[in-house]
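Since the structure comes first, as structure tokens, the remarks are kept for the end.
In the numbering used here, the protein residues as written are 48 to 167.
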């Protein structure tokens, strides 16, 4: 009986050892940087870094656009106020008197009837 238990114990140890060996190979393939999940994680990490840099650049450009837009808005408001003042000053001007229609001017060229084509 003791020999049988020793054989079973040895077989169990060999089975556990082979199971650990198979798990070791699978884990090595799983974490391989070229083909496994480790490679996918490395690629995704690089993409996240690229996206972070792009996002920082976009934020900088957006902040510059906000400043430019604020300046343009201030200039437009100032121009609007100046236009309002100009329109208000136009209301203060006296109205121009309407000119009465003038008689038609006399013609500049006068035709002499007797001097056409005749020599004197």
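Think of the CB as a built atom: it goes at the ideal place given N, C-alpha and C, for glycine as much as any other residue.
Unbroken alpha helix (DSSP H) run spanning residue i, endpoints
i: residue 107; result: 84-139
i: residue 155; result: Where residue 155 is concerned, there is no enclosing alpha helix (DSSP H), given that its DSSP letter is neither H nor E.
i: residue 53; result: 49-77
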